[in-house]
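Here's the structure, in structure tokens; my notes come after.
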Amino acid sequence: MNIIESLETRALKKDLPVLRSGTTVRVHVRIVEGKKERIQVFEGLVIGIQGTGLRKAFTVRKISNGVGVERTFPFHSPIVDRIEVVQYGKVRRAKLNYLRDLSGKAARISAVSREQRAKLEKGNNASG
């Protein structure tokens, strides 16, 4: 293992949930305003996951006041306090960019069954 890989493995977070495209998540983000620090929650749908290792990131999309808002978060960033999985969605694509053109009921994602959700959460505990 070279020096860069060893530095990256030390910086990786260990307590991350299993995320896939179509997952509804609640991302708790640290916001610094002046000397104060607070936590802001950004809840939306994961429309894509990019990169590997320390550079791995995911894009979350939500509709705020009728306007689509997308934000990309690095998995291992110190700005991300924690990631909560609200619901796993059943999708057949890795990137859900087509949702940008849809609105209302057409943009809904069906939920994963309880058995499949248990498998996903079990896989998360084994990898942590």
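Mapping of the sequence shown onto this note's numbering: position 83 corresponds to residue 83, and the numbering continues sequentially without gaps. We put the beta carbon where it would ideally sit given N, CA and C, even for glycine.
In whole angstroms, what is the alpha-carbon distance linking residue i and residue j?
{"i": "E5", "j": "K13", "result": "14 Å"}
{"i": "K105", "j": "P78", "result": "35 Å"}
{"i": "Q50", "j": "G66", "result": "27 Å"}
{"i": "Y98", "j": "I31", "result": "30 Å"}
{"i": "R161", "j": "A111", "result": "What the structure shows of the chain is the stretch from 1 to 128, and residue 161 is not part of that stretch, so it cannot be assessed."}
{"i": "A94", "j": "F58", "result": "11 Å"}
Keeping to the same chain, check which residues put their C-beta closer than 7 Å to that of residue i; ignore five residues upstream and five downstream.
{"i": "L54", "result": "E8, A11, L12, H76"}
{"i": "L16", "result": "F75, I83"}
{"i": "R117", "result": "Y88"}
{"i": "G128", "result": "Its pLDDT being 41, under 50, G128 is placed unreliably by the model, and the measurement read from it follows with that caveat. Hits under 7 Å: K14, D15."}
Taking 6 Å as the limit between beta carbons, can you name the residues of its chain near residue i, skipping five residues before and five after?
{"i": "T24", "result": "L45, V86, Q87"}
If you run the structure through DSSP and keep just helix, strand and coil, what is residue i?
{"i": "L45", "result": "strand"}
{"i": "T9", "result": "helix"}
Going by CA-CA distance only, name the one from the options that's closest to residue i.
{"i": "I109", "options": "R61, R71, I79, A118", "result": "R61"}
{"i": "I47", "options": "Q40, V91, P78, V67", "result": "V91"}
{"i": "R71", "options": "V27, S113, L120, K35", "result": "V27"}
Whose C-beta lies closer than 8 Å to the C-beta of residue i among residues of the same chain, with five residues either side of it excluded?
{"i": "V29", "result": "I39, Q40, V41, F42, F73, I79, V80, D81"}
{"i": "V69", "result": "G44, R61, K62, I63"}
inquiry  = At 3 residues or longer, what runs of the beta strand (DSSP E) sit wholly inside the stretch 47-128?
reply    = 57-64, 67-74, 80-87
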